[in-house]
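Heads up, the thing below is written out as structure tokens.
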């Protein structure tokens, strides 16, 4: 007989991810972006410019998924796209000043998560490190 869902880590992680997305959604809606666009903003916040392929790799997505996200973000004035002069097949993406401003506003998501979780920042950091270690072990 299978384990009850609540005893399966995969279900707990899935349900927690859904709960976090539901927590973030009203704030993201107010900012006019989706959760995947939020992830792209954060990836670009870690580096000055990134190729579409590098963004896809960082977010564990396919380039074909990232390309339309980036195009919509460019239309919204959040990012710029520019062909790599050394390799025309690559498109480099960077944050605009509006994108940087929005990224700073996104800090409220983490603050809300801390507040609603009832956990301390140290507890959430420790949990995050444990989940990352599990992800890394399963990705080998």
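Residue numbers (the working numbering): 628 to 767.
For each residue, glycine too, the CB sits at the ideal point set by N, CA and C.
In this text, all values refer to a predicted model and were calculated from it rather than measured experimentally.
Cβ pair residue i, residue j closer than 8 Å
{"i": "residue 682", "j": "residue 720", "result": "yes"}
{"i": "residue 655", "j": "residue 665", "result": "yes"}
{"i": "residue 741", "j": "residue 754", "result": "no"}
{"i": "residue 704", "j": "residue 670", "result": "no"}
{"i": "residue 685", "j": "residue 697", "result": "no"}
Residues that residue i bridges to, as DSSP identifies them
{"i": "residue 693", "result": "DSSP lists no partner for residue 693."}
{"i": "residue 706", "result": "722"}
{"i": "residue 677", "result": "720"}
With 16 other Cβ atoms within 10 Å as the buried cut-off, status of residue i
{"i": "residue 651", "result": "buried"}
{"i": "residue 758", "result": "exposed"}
{"i": "residue 761", "result": "exposed"}
{"i": "residue 628", "result": "exposed"}
{"i": "residue 630", "result": "exposed"}
Cβ shell of residue i (< 8 Å), same chain only, five flanking positions each side left out
{"i": "residue 717", "result": "678, 679, 680, 710 and 711"}
{"i": "residue 662", "result": "648, 651, 652 and 655"}
Proximity test, residue i beta-carbon vs the ligand PLP heavy atom, cut-off 7 Å
{"i": "residue 668", "result": "This structure simply doesn't include the ligand PLP, nor any ligand for that matter."}
Cβ of residue i within 8 Å of any chain D Cβ
{"i": "residue 694", "result": "Reference to chain D is not applicable here, since this structure consists of a single protein chain."}
Cut-off 7 Å between Cβ atoms - residues of its own chain near residue i, not counting five sequence neighbours on either side
{"i": "residue 632", "result": "638"}
{"i": "residue 700", "result": "664, 667 and 706"}
{"i": "residue 748", "result": "741"}
{"i": "residue 744", "result": "751"}
Cutoff 6 Å; reference residue i; Cβ partners in own chain excluding five residues on either side
{"i": "residue 676", "result": "719 and 721"}
- Hey, is the segment 723-742 in contact with the segment 689-698, meaning 3+ C-beta pairs nearer than 8 Å? Remark: fewer than three beta-carbon pairs, one from each stretch, lie closer than 8 Å, so the segment 723-742 and the segment 689-698 are not flagged as touching.
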